[in-house]
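Note sheet for the following structure.
2 protein chains.
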Amino acid sequence: MFRPRLYAPGPVEVPPQVLEATARPVLHHRTQAFRELFARTRARLAEVACVPGDDVIILAGSGTAGFEAGLLACVPRGAKVVGVNAGKFGERWVKLARHYGCEVVELKLPWGEAVDPEAVRALLREHPDVQAVMSTHSETSTGVLHDVQALAQVVRETAPEALVLIDAVTSLGVAELRPKAWGLDGVFSGSQKGLMTPPGLAFAWLSERAWARSEGLNPTFYLDLRKERAQQRAGQTAYTPAVSLVAGLEVALGLLLDEGLEALWRRRERLNGAVLAGAAALGCRPYAARVSPAVAALYAPERVSAPAIVKGFAARGMRIAGGQDDAKEHLFRPSVMGYADRYDALTIVAALEEVLLELGQPVALGQGVSAALRVLAG
Amino acid sequence: MFRPRLYAPGPVEVPPQVLEATARPVLHHRTQAFRELFARTRARLAEVACVPGDDVIILAGSGTAGFEAGLLACVPRGAKVVGVNAGKFGERWVKLARHYGCEVVELKLPWGEAVDPEAVRALLREHPDVQAVMSTHSETSTGVLHDVQALAQVVRETAPEALVLIDAVTSLGVAELRPKAWGLDGVFSGSQKGLMTPPGLAFAWLSERAWARSEGLNPTFYLDLRKERAQQRAGQTAYTPAVSLVAGLEVALGLLLDEGLEALWRRRERLNGAVLAGAAALGCRPYAARVSPAVAALYAPERVSAPAIVKGFAARGMRIAGGQDDAKEHLFRPSVMGYADRYDALTIVAALEEVLLELGQPVALGQGVSAALRVLAG
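For the protein sequence lines, the chains are Y and B, in the order given. At position 98 of the first sequence the residue is numbered 98 (full-length UniProt numbering), and the sequence of numbers has no breaks. At position 109 of the second sequence the residue is numbered 109 (full-length UniProt numbering), and the sequence of numbers has no breaks.
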């Protein structure tokens, strides 16, 4: 018998008190009780997003809905934009922008690489009329954390009018993210990753200059951030909100704020670092040039199939992610960004030892776990 | 002390076993366990929607997202459409179609009236090039149940090419609805009404001829029914689904199917009928010309303010809806479409007696409840 464990880069394990909150009797969304819950949740969300007091819009939908709403809220159809495509999600935003008729100047990088801000500078010099630069922060498909602070600085210097729009789906609540200090213009995320809530909510924050863009915009009917902002400031939503998920989110945000943002970011980094160190001691190299704390993207050892590793974890009740597209055969991706502590990091490494042994690798039991323990003790 | 009771026309009271299911540990959406849950839920949903075996698409979003997805899946931008506007939601779909550049021929009715199919015939004769007719089935703002069977027949006879697109947000699982037998082309709904699940899921069904329309379509990136259909047939979704709400929905659908669709429709009608009869005995006339079982839309007695009645219910822990827009002062709307039985219908009437007494109305205690009991005994 195994206790099921969700060690995927989202959806993640959700704390029991958050699950309990989602199972409370449903509140009507036009009541004072919900208005207060919603206002409290929005205030906490803004704190966790490092934009205290600002509007972070909560939508019923997936992270993709959040990015779509954000793009349409500040980029006119047909605009020229730069899209950093260094993985599955970067690619998704390129497709999204093209869907709306944007001319996308694509900065395509090999999977696993982090964006070089100077490459963006060169592109912007060629295309000074770019209206936005889109990038993921934590690219889940490759485990890369892009340096969006440096990216934003280059954009400010080279194309001051261009907005910087960031997919923070797996970085919000996981990695250091300072939208205002870093000069970002749009940050979009979802409930089921670092915020430890079931999937079904999308989040969107815009900078003042992004809100001020109004020329030629054409949001969808459902995903209209301005309509939502007006409503949400009054404790309402334009359409029926997913009240139960909001109730869970409020509790989850409380847990994160109790820990403190900087402590949280440090802990996330250390837990993920322990998994990476343990895996390295077992011959599994990291895939990402610049590691995101949201996920340990790991190469399977030579001659070992990554899907067999994923299967080995599944046989132990543990859900980790495999590689996507071309990376399928050699990549596997455990994550400790959910409701997980240091013992979960150790558990992942211990299971990896067992799985590699089963697959015929010469592993001495404890070899990875000791390395992970040293990181945790550090 | 009062036990809180949700007697609003959505979100509704959710059965505890459904709440329990939403609070189970989160499933990863790319697992066999979720694929099976999702397939089972989709099969049950198709049965409850009276289209067994068909694709009913499940989206993370509100009912509005479902209607938007449906409209864009079969109506090209710029098309001419008829919009039946007989309340808040009919008005919403007119706005939606205009948002996408449709030329909307509006059939505007006074609130409380049901659509006369012959009026639609006359409009279609004037505008034989109409590509779709949009209407609500149960118009929640007025408590009207439109005869969409007769409406569809008129459309078939007069403009055979026009699609019939129906907002079934508060009729699915509540009122008789036979999409195929009635010749409907699109049926859209949400989780938080007759399906007794927390809000956050939208549903969309299309007829074969609606799916066959592909000329000039332009869905949004997130709300793309064809992309979803391809994924959902394989037990997947295009974007991360709201897995916890799906788990709750599966349980709720099981409860509805155990009762049986026809028994369910009859019971819903009887419960709502009991509320209407009790209210009538207390001097509260029904607002709707053709009553929807989803909600008892009631006129406050002469010289009584409807918001005061809503407030009186609130003081007893009961959330009912007031009137919207111009109907605010004289309309109130309790609903028994959620997890509610005959004793909830009686409770609503008993509370109404008390509230009217408090507001100075000459009510004899038991006057309304007896009338309601007679309907329930009938």
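Virtual Cβ for every residue (Gly too), placed ideally from N, Cα, C.
Against Y:Leu6, what residues of chain B qualify as contacts under a CB-to-CB distance less than 9 Å, listed in chain order? Your numbering for residue 6 of chain Y matches position 6 in the first sequence. Pro25, Val26, Leu27, His28, listed in chain order.
Return the first residue and the last residue of the beta strand (DSSP E) that Y:Ser189 is part of. The residue you call residue 189 of chain Y lines up with position 189 of the first sequence. In the DSSP assignment, Y:Ser189 falls within the beta strand (DSSP E) that extends over 186-190.
Check the Cβ-Cβ distances between B:Gln192 and every residue of chain Y, and say whether any is below 8 Å. In the second sequence, the residue the question calls residue 192 of chain B occupies position 192. So, interface residue.
Would you call Y:Ala296 buried or exposed, if buried means 16 or more other Cβ atoms sit within 10 Å of its Cβ? As a working mapping, residue 296 of chain Y is identified with position 296 in the first sequence. Around the C-beta of Y:Ala296, 16 or more other C-beta atoms lie within 10 Å, and the residue is accordingly described as buried.
Any beta carbon from chain B within less than 8 Å of Y:Val14's own beta carbon? Residue mapping note: residue 14 of chain Y aligns to position 14 of the first sequence, counting from 1. Judged by the 8 Å Cβ criterion, Y:Val14 is in contact with chain B.
Is it buried or exposed, B:Gly53, if we count other Cβ atoms within 10 angstroms and call 16 or more buried? Along the second sequence, one-based indexing puts residue 53 of chain B at 53. B:Gly53 is exposed by the Cβ-count criterion.
Any residues in the region 228-261 of chain B with a beta carbon nearer than 7 Å to a beta carbon of chain Y? Which ones, in chain order? Listed by position along the chain: Tyr239, Thr240, Pro241, Ala242, Val243, Ser244, Leu245.
Please tell me whether Y:Leu96 has its Cβ less than 8 Å away from any Cβ of chain B. Here the question's residue 96 of chain Y lines up with position 96 in the first sequence. Against chain B, the CB of Y:Leu96 has a partner CB under 8 Å away; the residue lies at that interface.
Would a C-beta distance cut-off of 8 Å place Y:Val187 and Y:Gly63 closer than the cut-off? Mapped onto the first sequence, residue 187 of chain Y falls at position 187. Mapped onto the first sequence, residue 63 of chain Y falls at position 63. Contact flag unset, no.
Uninterrupted beta strand (DSSP E) stretches inside the region 293-361 of chain B (no shorter than 3 residues): Taking only runs of at least 3 residues, the beta strand (DSSP E) segments lying wholly in the region 293-361 of chain B are 331-333.
Which stretch, first to last residue, makes up the beta strand (DSSP E) that contains Y:Ser135? The residue you call residue 135 of chain Y lines up with position 135 of the first sequence. First-last of the beta strand (DSSP E) with Y:Ser135: 132-136.
Give the single residue among B:Gly254, B:Arg98, B:Val251, B:Tyr222 whose Cα lies nearest to the Cα of B:Tyr239. Looking up residue 239 of chain B in the second sequence gives position 239. The shortest C-alpha to C-alpha distance from B:Tyr239 to any of B:Gly254, B:Arg98, B:Val251, B:Tyr222 is the one to B:Tyr222.
Under 9 Å Cβ-Cβ, which residues of chain B neighbour Y:Arg317? Against the first sequence, residue 317 of chain Y aligns to sequence position 317. Checking the displayed sequence, the identity of residue 317 of chain Y turns out to be Gly instead of Arg. Taking the beta carbon of Y:Gly317 as reference, no residue of chain B falls within 9 Å; the closest one sits roughly 11 Å away.
Per-residue contacts from B:Phe221 into chain Y (C-beta, under 8 Å): Within the second sequence, the letter at position 221 stands for residue 221 of chain B. Residues of chain Y passing the Cβ test: Thr64, Glu68, Lys95, Leu96, His99, Tyr100.
At the level of alpha carbons, what is the spacing between Y:Val154 and Y:Val148? One-based indexing of the first sequence puts residue 154 of chain Y at position 154. One-based indexing of the first sequence puts residue 148 of chain Y at position 148. Cα atoms of Y:Val154 and Y:Val148: separation of roughly 10 Å, rounded to the nearest angstrom.
Could you tell me the distance, in whole angstroms, from the CA atom of B:Ala281 to the CA atom of B:Leu346? The residue labelled residue 281 of chain B in the question sits at position 281 within the second sequence. The residue labelled residue 346 of chain B in the question sits at position 346 within the second sequence. If I take the Cα positions, the gap works out to 13 Å.
Could you pull out every unbroken alpha helix (DSSP H) segment of at least 4 residues lying fully inside the region 252-281 of chain B, listed in chain order? Unbroken alpha helix (DSSP H) stretches of 4 residues or longer found wholly inside the region 252-281 of chain B: 261-281, given in chain order.
Under the three-state DSSP convention, the category Y:Phe203 falls into: For this step, residue 203 of chain Y is matched to residue 203 along the first sequence. Three-state result, Y:Phe203: strand.
Less than 8 Å between the C-beta atoms of Y:Ile200 and Y:Ala65, yes or no? Your numbering for residue 200 of chain Y matches position 200 in the first sequence. Your numbering for residue 65 of chain Y matches position 65 in the first sequence. Residue identity check: residue 200 of chain Y is Gly in the sequence provided, not Ile. No. Outside cutoff.
Just tell me which of Y:Glu126, Y:Leu107, Y:Asn272 has its CA closest to the CA of Y:Ala136. As a first step, residue 136 of chain Y is located in the first sequence; it is residue number 136 there, counting from the start. Correcting the residue identity first, residue 136 of chain Y is Thr in this sequence and not Ala. Nearest C-alpha to Y:Thr136: Y:Leu107.
Taking Cβ positions only, does B:Thr31 come closer than 8 Å to chain Y? For the purposes of this step, residue 31 of chain B is taken as residue 31 along the second sequence, with counting starting at 1. Yes, its Cβ sits closer than 8 Å to a Cβ of chain Y.
Going by alpha carbons, who is nearest to B:Gly260 out of B:Val275, B:Ser189, B:Val174, B:Ala277? Your numbering for residue 260 of chain B matches position 260 in the second sequence. Nearest of B:Val275, B:Ser189, B:Val174, B:Ala277 to B:Gly260, Cα basis: B:Val174.
Give a yes or no on whether the C-beta atoms belonging to B:Glu139 and B:Trp265 are separated by under 8 Å. One-based indexing of the second sequence puts residue 139 of chain B at position 139. One-based indexing of the second sequence puts residue 265 of chain B at position 265. Contact flag unset, no.
So Y:Leu165 is in the beta strand (DSSP E); what residue range does that whole segment cover? Here residue 165 of chain Y corresponds to residue number 165 of the first sequence, with the count starting at 1. Per DSSP, Y:Leu165 is one residue of the beta strand (DSSP E) stretching across 163-167.
Helix, strand or coil for B:Arg5 per DSSP? For the purposes of this step, residue 5 of chain B is taken as the residue at position 5 of the second sequence. In the structure shown, B:Arg5 sits in a strand (DSSP, three-state: E or B).
Compare the C-beta of Y:Leu19 against all C-beta atoms of chain B and say whether one is closer than 8 Å. Here residue 19 of chain Y corresponds to residue number 19 of the first sequence, with the count starting at 1. For Y:Leu19, the answer is yes, since a Cβ of chain B falls inside 8 Å of its Cβ.
Smallest Cα separation from residue 440 of chain B: which of Y:Ala351, Y:Ala321, Y:Asp326? No answer is possible for residue 440 of chain B: the residues shown for chain B start at 1 and end at 378.
Does the Cβ of B:Glu228 have 16 or more other Cβ atoms within 10 Å, making it buried, or fewer, making it exposed? Here residue 228 of chain B refers to the residue found at position 228 of the second sequence. Burial check for B:Glu228: the Cβ neighbour count within 10 Å reaches 16 or more, so the residue is buried.
Report the neighbours of B:Pro179 on chain Y: residues whose CB is nearer than 8 Å to its CB, in chain order. Your numbering for residue 179 of chain B matches position 179 in the second sequence. Result: empty, since nearest Cβ-Cβ is about 23 Å, beyond 8 Å.
Taking the C-alpha atoms as reference points, what is the distance between B:Glu36 and Y:Pro117? Counted from its first residue, the second sequence places residue 36 of chain B at position 36. Counted from its first residue, the first sequence places residue 117 of chain Y at position 117. Straight-line Cα distance between these residues: approximately 44 Å.
Under 8 Å between C-beta atoms of Y:Leu172 and Y:Leu195: Position 172 of the first sequence holds residue 172 of chain Y. Position 195 of the first sequence holds residue 195 of chain Y. It is a contact, given that the beta carbons lie within the stated cut-off.
On the three-state DSSP scale, how would you describe B:Gly378? As a first step, residue 378 of chain B is located in the second sequence; it is residue number 378 there, counting from the start. Coil, per DSSP.
Look at the Cβ atom of B:Leu123, then the Cβ atom of B:Leu96, and state whether they are nearer than 8 Å. Working through the second sequence from its first residue, we reach residue 123 of chain B at position 123. Working through the second sequence from its first residue, we reach residue 96 of chain B at position 96. No, the pair does not count as a contact, with Cβ atoms beyond the cut-off.
Could you tell me whether any Cβ in chain B is nearer than 8 Å to the Cβ of Y:Gly173? By one-based count along the first sequence, residue 173 of chain Y stands at place 173. Residue contact check for Y:Gly173 against chain B: no CB pair falls below 8 Å.
Considering only the alpha carbon of each residue, which of Y:Tyr343, Y:Leu256, Y:Ala294, Y:Val310 lies closest to Y:Lys328? Residue numbering aside, residue 328 of chain Y sits at position 328 when the first sequence is read from its first letter. Residue Y:Val310 is the option with its Cα nearest to Y:Lys328.
Buried or exposed by the 16-neighbour rule on C-beta atoms within 10 Å, applied to B:Gln17: Taking the first residue of the second sequence as position 1, residue 17 of chain B is located at position 17. So B:Gln17 ends up on the exposed side.
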